[in-house]
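Below is one structure, written out as structure tokens, with a few remarks after it.
Okay, here's the thing in structure tokens:
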């Protein structure tokens, strides 16, 4: 006896495309699209794009932005900024022999209560002495912490991705030892104010901590 053939269901026809929208302080730029059979499946998805793709400025393709979907409004998935990083290819391109790469890891609390990890990096013209590396690291810490604690979260993000924070570190560090470049290589939102409807995040240990990696 022949089996009764079951009607195949095309699951793709049941799914819907949603535009992914950056936060308001980033002009609600559409940063991509995603598909789902149910809008309730979208929150907490992580989306990555570059500033170059967001703005059309190809020189900014080395800056990757990370967003988390927090809610769906119609066919638009709204997001929150959760961090950025520089691409590995870009970082490798600016590392030179016989120079020093000076890193510091800072956890700061913004004026409006966000806790954010910020990782600035300085690249010297030639290899620096240990005392010069310590001096530059101290300046990096002071500049970043002071700017962060006086800023609200959105202004801090703009300060970082625009390069203004890196420029401030450069200006105040270059007299200790000549610098070739300063970058904020990574940020990550660790904790957000409880009253804000934003993505989940792990608990932070304490604000304004520093961790000094091995000196180059």
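Residue numbers (my numbering): 170 to 385. Built from N, CA and C at the ideal position, the CB exists for glycine as well. Bear in mind that the values here come from a model prediction, so they are computed numbers and not experimental data.
With 16 other Cβ atoms within 10 Å as the buried cut-off, status of residue i
i           : result
residue 249 : buried
residue 243 : exposed
residue 185 : exposed
residue 316 : buried
residue 378 : At residue 378 the pLDDT is 46, less than 50, meaning the model places this residue with poor confidence; the figure from the coordinates comes in the next sentence. Residue 378 comes out exposed.
The alpha helix (DSSP H) enclosing residue i, as first and last residue numbers
i           : result
residue 322 : 322-330
residue 310 : 299-319
residue 257 : 257-262
Contact under 8 angstroms by Cβ, residue i with residue j
i           : j           : result
residue 452 : residue 236 : With the chain covering only 170 through 385, there is no way to say anything about residue 452.
residue 349 : residue 290 : no
residue 238 : residue 216 : yes
residue 188 : residue 245 : yes
residue 357 : residue 313 : no
residue 220 : residue 330 : yes
residue 281 : residue 362 : yes
residue 355 : residue 253 : yes
residue 279 : residue 318 : yes
Supposed contact pair residue j and residue i - C-beta distance, whole angstroms, cut 8 angstroms
i           : j           : result
residue 305 : residue 346 : 6 angstroms
residue 310 : residue 255 : About 20 angstroms; that fails the 8 angstroms criterion.
residue 233 : residue 267 : That pair is no contact at about 29 angstroms.
residue 218 : residue 200 : 5 angstroms
Span of the beta strand (DSSP E), counted from its first residue to its last, around residue i
i           : result
residue 201 : 199-205
residue 217 : 215-219
residue 338 : Careful: residue 338 lies outside any beta strand (DSSP E), inside the alpha helix (DSSP H) at 333-342.
residue 242 : 232-242
residue 273 : Segment: none, residue 273 is in no beta strand (DSSP E) and carries neither H nor E.
residue 187 : 185-190
| query | Three or more beta-carbon pairs under 8 angstroms between the segment 226-239 and the segment 293-302, yes or no? | reply | Contact fails: fewer than three Cβ-Cβ distances are below 8 angstroms.
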